[in-house]
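Asks:
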Amino acid sequence: MSSPKTSWEERVKSHLEAWPLSMAEAINARDFDQKNPTWDMLAPGFKSGPLAGTSQMMFSSAAEHLKWVAQTCERFPDWKLHVLDAHAHIDGKTAVVMVNTASEGRFPGIAKETTVFIEFQVVGGRWLVTALKGLGDWWG
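2 is the number of the first residue of the sequence shown in this note's numbering; add one for each residue after it.
Have a look at this one:
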């Protein structure tokens with residue numbers, strides 16, 4: 002029998018590990034409406050970057066990040082993001098989800114794999130995404 006803490010931790014891990022899949026689905030559907038439950042999980046102080054094509058630029062809001070992703074999708078209409086696996090590490094009211102991704106459609110015949118780090122924190126009783134960081138050119 003699992004302890005209540007283990008059961009709670011497993012539920013939280015499953016919840017956090019599901020978010021990258023929702024993010025990829027929303028991107029692939031070109032759904033950048035901030036009312037989408039996926040994007041509603043971006044914290045008020047959300048930051049992203051550095052990401053591909055941005056040098057060391059950081060985006061300091063969910064709106065800026067979504068605008069950049071939408072523009073990338075317009076430039077590369079066949080671009081798709083796929084989540085290969087995700088692993089959450091919880092430390093109290095913070096967590097990091099390490100996600101291996103593959104992208105295709107930006108350059109014909111080339112698929113690119115990389116790792117993304119998604120930081121979560123409990124904000125107002127909800128687990129929200131506070132930061133999104135790519136390791137290399139994750140938008141491939």
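For each residue, glycine too, the CB sits at the ideal point set by N, CA and C.
Because the structure is a prediction, the values reported are computed rather than measured.
What residue ranges within the stretch 20-69 form continuous beta strand (DSSP E) runs of no fewer than 3 residues, ordered along the chain?
Replies: As far as the stretch 20-69 is concerned, its whole beta strand (DSSP E) runs of at least 3 residues are 43-49.
Asks: If I measure Cβ to Cβ from residue 41 and keep anything under 8 Å in the same chain, skipping five residues before and after, which residues do I get?
Replies: Around residue 41, the same chain offers 35 as residues with beta carbons nearer than 8 Å, after the five sequence neighbours per side are excluded.
Asks: According to the neighbour-count rule (16 or more other Cβ atoms, all chains shown, within 10 Å of its Cβ), is residue 90 buried or exposed?
Replies: exposed
Asks: Given a cut-off of 8 Å on the beta-carbon distance, is the pair residue 121 and residue 129 in contact?
Replies: At the C-beta level, residue 121 and residue 129 come within 8 Å of one another.
Asks: Would you kindly work out how many angstroms separate the C-alpha atoms of residue 125 and residue 73, rounded to a whole number?
Replies: 32 Å
Asks: Smallest Cα separation from residue 97: which of 46, 13, 37?
Replies: 13
Asks: Could you pull the start and end residues of the beta strand (DSSP E) that residue 113 belongs to?
Replies: 112-124
Asks: So residue 92 is in the beta strand (DSSP E); what residue range does that whole segment cover?
Replies: 81-92
Asks: Return helix, strand or coil for residue 76, following the three-state DSSP convention.
Replies: DSSP, read as helix, strand or coil, puts residue 76 in helix.
Asks: Given that a residue counts as buried once 16 or more other Cβ atoms are within 10 Å of its Cβ, and exposed if not, what is residue 1?
Replies: For residue 1 there is no data in the structure shown, the boundaries of the chain being 2 and 141.
Asks: State yes or no: is the C-beta of residue 84 within less than 8 Å of the C-beta of residue 17?
Replies: no
Asks: Out of curiosity, what's the CA-to-CA distance linking residue 19 and residue 68?
Replies: 23 Å
Asks: How many angstroms separate the CA atom of residue 127 from the CA atom of residue 7?
Replies: 19 Å
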